[in-house]
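Mapped onto the numbering used here, the consecutive letters of the sequence shown carry residue numbers 752 to 934.
Here's the structure, in structure tokens; my notes come after.
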Amino acid sequence: MTTMRATIPTGPWTVADLDDLPRDSPTVRYELIDGALLVTSEPTLQHQRVNARLLRVLQDAAPPGLEVFLPIDVRLSPVRQIVPDITVVRSSDATGKRLSGRPLLVVEVQSPSTRAVDLTLKRRVLEETGVPSYWLVEPDALVLTVLELDGGTYREVARVSGDQPFDAVRPFPVRIVPADLSR
Numbered sequence: 752m753t754t755m756r757a758t759i760p761t762g763p764w765t766v767a768d769l770d771d772l773p774r775d776s777p778t779v780r781y782e783l784i785d786g787a788l789l790v791t792s793e794p795t796l797q798h799q800r801v802n803a804r805l806l807r808v809l810q811d812a813a814p815p816g817l818e819v820f821l822p823i824d825v826r827l828s829p830v831r832q833i834v835p836d837i838t839v840v841r842s843s844d845a846t847g848k849r850l851s852g853r854p855l856l857v858v859e860v861q862s863p864s865t866r867a868v869d870l871t872l873k874r875r876v877l878e879e880t881g882v883p884s885y886w887l888v889e890p891d892a893l894v895l896t897v898l899e900l901d902g903g904t905y906r907e908v909a910r911v912s913g914d915q916p917f918d919a920v921r922p923f924p925v926r927i928v929p930a931d932l933s934r
């Protein structure tokens, strides 16, 4: 059996430090917000169910030239890397090991352990990076909150629940009905 050791940085973490961390569990995510390491673990079944169904809806609606990804490393700067539940990018930015451009949409399916980070730190980082759309899904309540950049700040443009539809325009036209994400 081989043992792998990761060197713990003495100062703020960088995205280069993340490359040295073990990747033996597909359900552990390493994220970096302004040099601070965030580690999240396996999501609940409901979280995964909602995520998978939303992914399918988005993939079916995505036009040529755009791609929809499950959790993938999104490096935003040398001290910022996030791993959203769903990311929409231009196909031209999806070559190689990691995304090379700014996402068009980031979706986070919230859990009790990540809710505060999703609502504050990630929101701020995505605003500062200029990600046009940020969606937050509450999997148990089946609520979708849609934030869009307006003058460099996110503005809530929709909050729907249950059978209420949301007809997205950005990053492409698609109808999302929160209740359908659990059926």
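Beta carbons: idealized from backbone N, C-alpha and C, even for Gly.
Unbroken beta strand (DSSP E) run spanning residue i, endpoints
i      : result
GLN832 : 831-833
THR795 : Element bounds for THR795: n/a, residue is neither H nor E.
VAL920 : It is not in any beta strand (DSSP E) - VAL920 carries neither H nor E in the DSSP assignment.
VAL908 : 904-912
LEU772 : Per DSSP, LEU772 belongs to no beta strand (DSSP E) and is neither H nor E.
LEU789 : 787-791
VAL925 : 925-927
Other residues of its chain near residue i: CB distance less than 7 Å, five sequence neighbours each side excluded
i      : result
THR753 : The pLDDT assigned to THR753 is 42, lower than 50, so where the model puts this residue is not dependable; a value taken from the coordinates is nonetheless given after this. So the list is empty, once near-sequence residues are dropped.
GLY913 : LEU893, PRO929 and ALA930
VAL868 : LEU789
PRO763 : GLY786 and VAL830
VAL801 : VAL860, VAL888, PRO890, LEU932 and SER933
Residue i - containing alpha helix (DSSP H), residue span
i      : result
ASP768 : 766-769
Neighbourhood of residue i by C-beta, 6 Å cutoff - its chain only, sequence neighbours within 5 removed
i      : result
VAL925 : ALA812 and ALA919
ARG826 : VAL766, GLN832 and ARG849
ARG804 : LEU932
LEU872 : ILE784
VAL808 : none
Rounded distance between the beta-carbons of residue j and residue i, thought under 8 Å
i      : j      : result
PRO822 : ARG780 : 6 Å
Neighbourhood of residue i by C-beta, 8 Å cutoff - its chain only, sequence neighbours within 5 removed
i      : result
PRO922 : LEU817, VAL839, LEU855, LEU856, PRO883 and SER884
GLY881 : ARG853, LEU900 and GLY903
In chain order, which beta strand (DSSP E) runs of at least 3 residues are fully inside the region 811-894? 817-820, 825-828, 831-833, 837-841, 856-860 and 884-889
Three-pair Cβ contact test at 8 Å for the region 845-865 versus the region 885-895: yes
How about the region 808-823 and the region 835-848: do they share at least three Cβ pairs that are nearer than 8 Å? yes
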